[in-house]
Every structure is written in C-alpha cells, then in structure tokens.
Amino acid sequence: MTECARGRFAFPSVKRRQVEAEFSGGDITSDGGLLLLRQADKRLGLLEAVNALLPDPRDQRYVQHDQLTLLRQRVYALCQGYEDLNDHNDLRRDPAFQTAVGQDECLGSSPTLCRLENRVDRVTAVAIHRVFVERFIASYEEPPEELILDFDATDDRVHGEQEGRFFHGYYDTYCFLPLYVFCGDQLLVGYLRPSRIDGARHAWAILALLVRQLRQAWPDVRIIFRGDSGFCRHRMLRWCERHGIGYIAGLTGNPRLQRLIEDDFVQVEKRFKATGEKQRNF
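Per this note's numbering, the very first residue in the sequence shown carries number 37; after that it's consecutive.
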C-alpha cells in the first residue's frame, strides 16, 4: 500500500520549545492552524508594523507581556473565532497559543487585553489602515493597470449588551454595521460602525483617502468604485466623475426605472424561456 501521509512536520522552535506536528495521537489541540497563521504574520510583518504605530504608555519596568505579544495573542484568537476577551481566561494557558505568539509561559489576561484595546483611538485606527494599503501596494511587483474597489456593509450580530449596539430592521437583529473595502481578495478597510446609520456613511471619505494613497504610488492606475444600491449616492458618483474614478453601482427598483427597462425585461424573459439559462442584457 502506498504511504500517502507524512508522519511529522517541523516548525521553527520558540525559545526552549521545539515545535512539531504529528498525526500519531497523544495530546491534541483544535487550534493547530495558529502555527501557519504565525508563519504568515512573520512573512508579512503586518502586526510588527501595527505595533510600531501603537504607543505603549506603560512603565516598562513593570511590564510582563510586551505589546507585540499581546497584539498577536488578540489577533490570532480573533482569526480562530475567539471573539470574546473572556475566552483568554483559558486560551492564555493553551500551549498552541503560547507557541504561536512566541512564548513558553502564561499569556496576557483578559483585563490586560482590554486595556490594550482601549488604548487604540481613531487616529491609530487610521494609521493601521494605512499599513494595510501599504502592504497591498507592496504586493505588486509592477504597477497594475486597473483596480476595482469593492465597498460593502454587512451585519455583525451581537449577543449581549455591547456598547454601540442597535436594532437593524433589514437584518432583524441587534448588530453593528461594519464597512469593508476589498480589492480582489485583499482587505483594505474594515471599519466598525453602529447599525443606526446609513450603510454608505463615510464611504465617500474612505474612497477619497484610498484614491489619494493609491495614486501616490501609481499615478496612472485606473480605479473603479463598485458597490450595491446602498452606495448609489448622487454626491459620491459626481465626485467619482470629477476625479476620473469609474463606478459600478446598483440601482434600487422604482416605477420609473422599471418603465425605462420594460422592453429589456421582455427580451430577457423570451431568451430565458427559450434556453432555460440565465440571461444578461447590456
């Protein structure tokens, strides 16, 4: 019989701890992916760049956990689906998490991580997003000809009494309403917002900041804004036209629009009945 499974994988050691992955049983963890996450983070240098932007006002004489370790602990846990800080009451003792952040002892407590989060203000959040865009730009060996920026707002449901939660009628639940901007599969913006606002709130300002930074690196790149009907705002689209930004935006159905495209609907319906396949009409 062909032996298809490899018995052991070696990872870089952490201080005195040797790191290996085996499939022979014994003590196991459900968070083995942390080691791959750690390698990706080290290659990108993302959290190291964020750490350089975040001031640390603590008296270093009494600091047990350095700021970069705390950042990695919190972000890696979020990537693994541990959203609540009280999860770290147990995770801080998990050897897989300790190894992933480069430690071989108990990690930061949930109050310590809470104080870290509360130190991040609006100015720091903007600076962190600049790091995202800088890493995005650095991922290209040559200037791209075209970039499509996808804007989307979605619900982030809450299950407690979190500050800033509101009931959203469309999603029929209590939630936040974060705004995301992607270019291809790369995240450029993740902006947490309360859900009592218009889904397009601040999208215009964010687009302007992104365009400015991208065109500083690539003056000749063609930029296209893309969003659903929630982002179809007259002032925003006029801004795109004035600054040479292409746009693709959805339109909410209304009687006037339906009258204008009535003939197109008839043609598409006929072709669908004839072929049984989805149709497009430009």
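We put the beta carbon where it would ideally sit given N, CA and C, even for glycine.
Item, Value
"Residue range of the unbroken alpha helix (DSSP H) whose run includes G69", "G69 to L80"
"Buried versus exposed, by CB contacts within 10 Å (16 or more), V217", "buried"
"Contacting residues, own chain, Cβ-Cβ under 8 angstroms from M37 (five flanking each side not counted)", "Note on M37: pLDDT 47, under 50, position unreliable in the model; no value is reported."
"Backbone CA spacing between K51 and A136 [nearest angstrom]", "12 angstroms"
"Where the alpha helix (DSSP H) through A236 begins and ends", "Careful: A236 lies outside any alpha helix (DSSP H) and carries neither H nor E."
"Contact between the segment 195 to 206 and the segment 174 to 185 (3+ Cβ pairs under 8 angstroms)", "no"
"Exposure of Q303, with buried meaning 16 or more beta-carbon neighbours within 10 Å", "exposed"
"Runs of alpha helix (DSSP H) lying entirely within the segment 97 to 162, each at least 4 residues, in chain order", "103 to 115, 124 to 127, 131 to 136 and 146 to 154"
"For E58, the three-state DSSP class (helix, strand or coil)", "strand"
"Assigned secondary structure, I184 (DSSP; H/G/I helix, E/B strand, else coil)", "strand"
"Start and end residues, alpha helix (DSSP H) containing R11", "Since the displayed the chain opens at 37 and closes at 318, residue 11 lies outside it and no answer follows."
"Where T148 falls, given that 16 or more other Cβ within 10 Å makes a residue buried", "buried"
"Meets three-Cβ-pair contact criterion under 8 angstroms: the segment 162 to 170 and the segment 74 to 94", "yes"
"Which listed residue (L90, V225 and Q315) has its alpha carbon closest to that of L243", "V225"
"Beta-bridge pairing of H204 - partner residues as DSSP gives them", "T209"
"Residue environment, I284, which counts as buried when at least 16 other CB atoms sit within 10 Å", "exposed"
"Separation of D234 from N125, as counted between CA atoms", "37 angstroms"
"Which of helix, strand or coil DSSP assigns to S66", "coil"
"Alpha-carbon to alpha-carbon, D140 and Q54", "10 angstroms"
"Cβ distance (whole Å) where L250 is taken to contact T160 below 8 angstroms", "The Cβ separation is near 22 angstroms, so there is no contact."
"Reduced DSSP secondary structure (H/G/I, E/B, other) of M37", "Summary for M37: the model assigns pLDDT 47, below 50, so the residue's position carries little reliability, and this model does not support an answer."
"Within 8 angstroms, strictly: CB atoms of R110 and L152", "yes"
"Per DSSP, the bridge partner or partners of L355", "Lying outside 37 to 318, the shown extent of the chain, residue 355 is not represented and no answer is given."
"Residue of D92, W240, A163 and S231 minimising C-alpha distance to D191", "S231"
"Any 3 or more C-beta pairs closer than 8 angstroms across the segment 290 to 297 and the segment 305 to 314", "no"
"First and last residue of the uninterrupted alpha helix (DSSP H) at L293", "P291 to L296"
"Best match in R108, K78 and E182 for proximity to G220 [C-alpha to C-alpha]", "E182"
"Supposed close pair G286, S265 - CB separation, criterion 8 angstroms", "4 angstroms"
"Sequence-distant residues of its chain with Cβ nearer than 8 angstroms to P180 (five each side left out)", "W254 and V257"
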